[in-house]
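Peer 1: The structure under discussion is supplied below as structure tokens; questions concerning it will follow.
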Ligand SMILES: [Zn+2]
Ligand SMILES: [Zn+2]
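Numbering (our numbering), first residue to last: 34 to 307.
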């Protein structure tokens, strides 16, 4: 199985329930040989008064990770990652974290839109149409990809649809081609990866969406503008979704002419053949 680049444990991510033993067992039964742990780290998060979302000590996380890595080797290779939440104005803090610690992988994610996380607040779906909201969200991703530098991957570009009740929740390139082009050009020139987040696929399945896989035109456009790096992440918060839908996504990518996906070690990309 391909590397699972995006996972959360109950020890540092307040919304996750997964223990290391459960993670290990799921890796072994799904034949996942390499997995990145990427705990949530939300700087200046508007929900920070909730004690659960207080920032953790990254040094402590590193110490725990070192133990976990030892315990799971050699059957499963663990990679040390983090998922940094973006908002305007914290670019420097984000880049400082990427520079200060020896992560294998840094995922940059936009969970906040106009200071609200869709996970907690759904009223944004009342204020904008689907196309307006997606366009604005991709503009935010462009700003994030452009202003930050010490990262590897843009997480779940489709986070915006997770909690929507849109009839067709799929995100299409044709909704905002200019904005997607801007994003893809930045990722291509900075050699960053675009994540295919299979938790998003899982959520789409729960909504009985007709198109659960990422838009074909969107992926082909990413390739056309020179995007070379695609990473797969299950974004697991429990062990039952580790490696979820990776084989299907791998086949889909192959059918679109992609021949590899990637993972990161010491912040450098490594390709894995499909
Ligand atoms: Zn996320
Ligand atoms: Zn995540």
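Positions of the beta carbon are idealized from the N, C-alpha and C atoms, including for glycine.
The model shown is predicted, which means the values in this text are computed figures rather than measured ones.
Taking only the alpha-carbon atoms, compute the straight-line gap between residue 208 and residue 102 and give it to the nearest angstrom.
Peer 2: Counting from 1 along the chain shown, the entry for residue 208 is found at position 175. Counting from 1 along the chain shown, the entry for residue 102 is found at position 69. So the alpha carbons of these two residues sit roughly 42 Å apart.
Peer 1: According to DSSP, which residues form a beta bridge with residue 304?
Peer 2: Residue 304 sits at position 271 when you count from the first residue of the chain shown. DSSP output for residue 304 lists 295 as bridge partner(s).
Peer 1: Determine the direct distance from the alpha carbon of residue 149 to that of residue 199, and round the result to whole angstroms.
Peer 2: On the chain shown, position 166 is the one that residue 199 refers to. On the chain shown, position 116 is the one that residue 149 refers to. Taking the straight line from one Cα to the other gives about 19 Å.
Peer 1: Please say whether residue 221 and residue 260 have beta carbons closer to each other than 8 Å?
Peer 2: Start at 1 with the first residue of the chain shown, and residue 260 comes out as number 227. Start at 1 with the first residue of the chain shown, and residue 221 comes out as number 188. The answer is yes: Cβ separation under 8 Å.
Peer 1: Check whether the Cβ of residue 268 sits closer than 7 Å to any heavy atom of ligand 1, and report yes or no.
Peer 2: For the purposes of this step, residue 268 is identified with residue 235 of the chain shown, where counting begins at 1. Checking the Cβ of residue 268 against ligand 1 gives yes.
Peer 1: Return the CA-CA distance between residue 192 and residue 144, expressed in angstroms with no decimal places.
Peer 2: Translated into the one-based positions of the chain shown, residue 192 becomes position 159. Translated into the one-based positions of the chain shown, residue 144 becomes position 111. Rounded to whole angstroms, residue 192 to residue 144 spans 7 Å at the Cα level.
Peer 1: Hey, how far is the Cα of residue 54 from the Cα of residue 90?
Peer 2: Indexing the chain shown from 1 puts residue 54 at position 21. Indexing the chain shown from 1 puts residue 90 at position 57. Approximately 22 Å between the Cα atoms of the pair.
Peer 1: In chain order, what residues of the same chain have a beta carbon less than 8 Å from the beta carbon of residue 275, not counting five sequence neighbours either side?
Peer 2: Taking the first residue of the chain shown as position 1, residue 275 is located at position 242. Contacts found: 37, 40, 56, 59, 60, 63, 65, 68, 267 and 269.
Peer 1: Can the beta-carbon of residue 146 be found closer than 8 Å to that of residue 196?
Peer 2: Against the chain shown, residue 146 aligns to sequence position 113. Against the chain shown, residue 196 aligns to sequence position 163. Contact flag unset, no.
Peer 1: Quick one: grab the DSSP three-state call for residue 199.
Peer 2: Within the chain shown, the letter at position 166 stands for residue 199. Reduced to three states, the DSSP call for residue 199 is coil.
Peer 1: Pick helix, strand or coil for residue 74, following the three-state DSSP scheme.
Peer 2: Looking up residue 74 in the chain shown gives position 41. Note: residue 74 maps to strand in three-state DSSP.
Peer 1: Can you tell me the Cα-Cα spacing of residue 8 and residue 129, whole angstroms?
Peer 2: Absent from the model: residue 8. The displayed extent of the chain is 34 to 307, so no value can be given.
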